[in-house]
Amino acid sequence: RAKEQGKNQYQFFNGEMDRIVLQKTIIETALHEAIEQKQFVLFYQPQFDVQTGELIGMEALIRWIHPKLGTISPAVFIPIAEETGQIIPIGEWVIEEACQQMKRWNERIGRPIRISVNISPKQFLKESFVDHIHSVLKKKQLSPHQLDLEITEGVAVFNEQYTIRKLQQLKKLGVHISIDDFGTGYSSLSYLRKFPIDRLKIAKPFIDGITEEKEDVAVVKAIIVLAKNLKLRVIAEGVETLQQLDILRLLQCDEIQGYVLGKPLPADVFEKTYITSRLQNE
Ligand code: C2E
Ligand code: MG
Ligand code: MG
Ligand code: MG
Numbered sequence: 484r485a486k487e488q489g490k491n492q493y494q495f496f497n498g499e500m501d502r503i504v505l506q507k508t509i510i511e512t513a514l515h516e517a518i519e520q521k522q523f524v525l526f527y528q529p530q531f532d533v534q535t536g537e538l539i540g541m542e543a544l545i546r547w548i549h550p551k552l553g554t555i556s557p558a559v560f561i562p563i564a565e566e567t568g569q570i571i572p573i574g575e576w577v578i579e580e581a582c583q584q585m586k587r588w589n590e591r592i593g594r595p596i597r598i599s600v601n602i603s604p605k606q607f608l609k610e611s612f613v614d615h616i617h618s619v620l621k622k623k624q625l626s627p628h629q630l631d632l633e634i635t636e637g638v639a640v641f642n643e644q645y646t647i648r649k650l651q652q653l654k655k656l657g658v659h660i661s662i663d664d665f666g667t668g669y670s671s672l673s674y675l676r677k678f679p680i681d682r683l684k685i686a687k688p689f690i691d692g693i694t695e696e697k698e699d700v701a702v703v704k705a706i707i708v709l710a711k712n713l714k715l716r717v718i719a720e721g722v723e724t725l726q727q728l729d730i731l732r733l734l735q736c737d738e739i740q741g742y743v744l745g746k747p748l749p750a751d752v753f754e755k756t757y758i759t760s761r762l763q764n765e
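When we follow UniProt numbering, the leftmost residue of the sequence shown carries the number 484, and every step to the right adds one.
See below:
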């Protein structure tokens, strides 16, 4: 019986693996055409100052709408693109598109607004990364202060010295740096002393628990205090309820991003909701 079960488990495991490999192959092949055929779009999610309620920026989030496969989540295809190297052209497109959008919104609002862009480790670690950022900003005549790059703790693990050098070059340009999903990267905190960064983004799993779990409140509180002592801004992501928002305000978190205040939206809808309407109220 045990033997039989073991065999079944093996078969199940094998079947599951086949399915994952197949899915990966399909996605990898489809990704080849995705850029040329303009299947990607950027959505934008607002970020607010907790105390004043003011819109302070937005995060660009990629969406892939495939003509046959439908909408494919970045949580599924970004890791595959990262593995195959396809993240390089995709990431370059994201930076150019986000900067183009920023330029348009600058003209509309009349004051600069910040755009956060997610950067995968492979993209960040590529030799030409800083040059590409520099050339896009120059080409679009944008202030580097308006661009925020969200990197993960993973780049710290790979090669600390190289990462510090690249971050210093980006700082010199004037670009902002945030650590995304802070607290989930299994890395030591020592990099925080050495990396020239501007902001910590508290990962959603901690935020999820703050209304129920003492431990999560303790972690979030500690991250906020840590950020303040290091003179970094701190933002909570994935905030879904007003109760969570209240706690974060009490803990003096600087900024909030989450469904409770706004979901990611296509550029035109974002513009109507947060930019045009604001201008009319002023
Ligand atoms: P992330 O950078 O941590 O982005 C936050 C994710 O949480 C986004 O998922 C966002 O839509 C979602 N989110 C925001 N607020 C809430 C909330 O209140 N509740 C819930 N349940 N979710 C919320 P999304 O857009 O599916 O992106 C997933 C991940 O894919 C991102 O996580 C990021 O790591 C990656 N990604 C997205 N766009 C890009 C991109 O342009 N380049 C790269 N390299 N990675 C990207
Ligand atoms: Mg992010
Ligand atoms: Mg992330
Ligand atoms: Mg995140």
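Each residue gets a CB set at the ideal place from its N, CA and C atoms; glycine is no exception.
Between which residues of its own chain and residue i is the CB-CB distance below 6 Å, once the five residues before and five after are set aside?
i, result
"Lys684", "Ser661, Asp663, Phe665, Ile718 and Glu720"
"Leu734", "Lys704 and Ile707"
"Val638", "Pro604, Phe607 and Thr646"
"Ser670", "Glu636, Ala639 and Val640"
"Tyr742", "Glu723"
"Glu542", "Gln528 and Ser599"
Where does residue i fall in DSSP's three states?
i, result
"Gln534", "coil"
"Asp699", "helix"
"Gln528", "strand"
"Ala686", "coil"
"Gly489", "Note that Gly489 has pLDDT 47, beneath the 50 cutoff, so the model's placement of it is unreliable and no number is given."
"Ser599", "strand"
"Gly540", "strand"
"Val717", "strand"
"residue 460", "No statement about residue 460 is possible, as the shown extent of the chain runs from 484 to 765 and does not include it."
"Arg484", "For Arg484, the pLDDT reaches just 45, beneath the cut-off of 50, and the residue's location in the model is therefore unreliable, leaving the point undetermined."
"Gly553", "strand"
"Ile706", "helix"
Is the CB of residue i under 9 Å away from at least one CB in chain D?
i, result
"Arg676", "Of the chains in the structure shown, none is chain D; there is only one protein chain."
Quick one: residues in its chain with C-beta nearer than 8 Å to the C-beta of residue i, no 5 flanking neighbours on either side, listed in chain order?
i, result
"Leu544", "Leu525, Phe526, Tyr527, Gln528, Pro557, Asn601 and Pro747"
"Thr694", "Thr724, Gln726, Gln727 and Ile730"
"Ile570", "Ile561, Ala564, Ser603, Lys605 and Gln606"
"Ala517", "Phe523, Trp547, His549 and Ile573"
"Lys654", "Ile660 and Pro679"
"Val613", "Lys649, Gln652, Leu653 and Leu656"
Straight-line CA distance for residue i to residue j?
i, j, result
"Cys736", "Val533", "7 Å"
"Arg648", "Lys551", "43 Å"
"Leu514", "Gln506", "12 Å"
"Gln520", "Lys609", "25 Å"
"Asn589", "Phe531", "18 Å"
"Gln629", "Arg502", "42 Å"
"Trp576", "Cys582", "10 Å"
"Gln651", "Ala701", "32 Å"
"Ala686", "Thr512", "32 Å"
"Glu754", "Glu499", "43 Å"
"Arg594", "Gln584", "14 Å"
Going along the chain, which residues of its own chain have a beta-carbon closer than 7 Å to the beta-carbon of residue i, five neighbours each way excluded?
i, result
"Glu579", "Val619"
"Leu713", "Leu675"
If residue i sits next to residue j, beta carbons under 8 Å apart, how far is it from one beta carbon to the other, in whole angstroms?
i, j, result
"Asp631", "His659", "4 Å"
"Ile555", "Ile510", "7 Å"
"Gly540", "Ser599", "6 Å"
"Arg716", "Asp681", "6 Å"
"Ile592", "Ile758", "6 Å"
Is residue i near ligand 5, judged by its Cβ being under 8 Å from some heavy atom?
i, result
"Glu738", "The model depicted lacks ligand 5 and carries ligand 1, ligand 2, ligand 3 and ligand 4 instead."
Enumerate, from N- to C-terminal direction, the unbroken beta strand (DSSP E) stretches of 3 or more residues contained entirely within the stretch 622 to 665.
-> 630 to 635 and 659 to 665
Let me know the beta strand (DSSP E) ranges lying completely inside the stretch 561 to 618, each 3 residues or longer, listed in chain order.
-> 597 to 601
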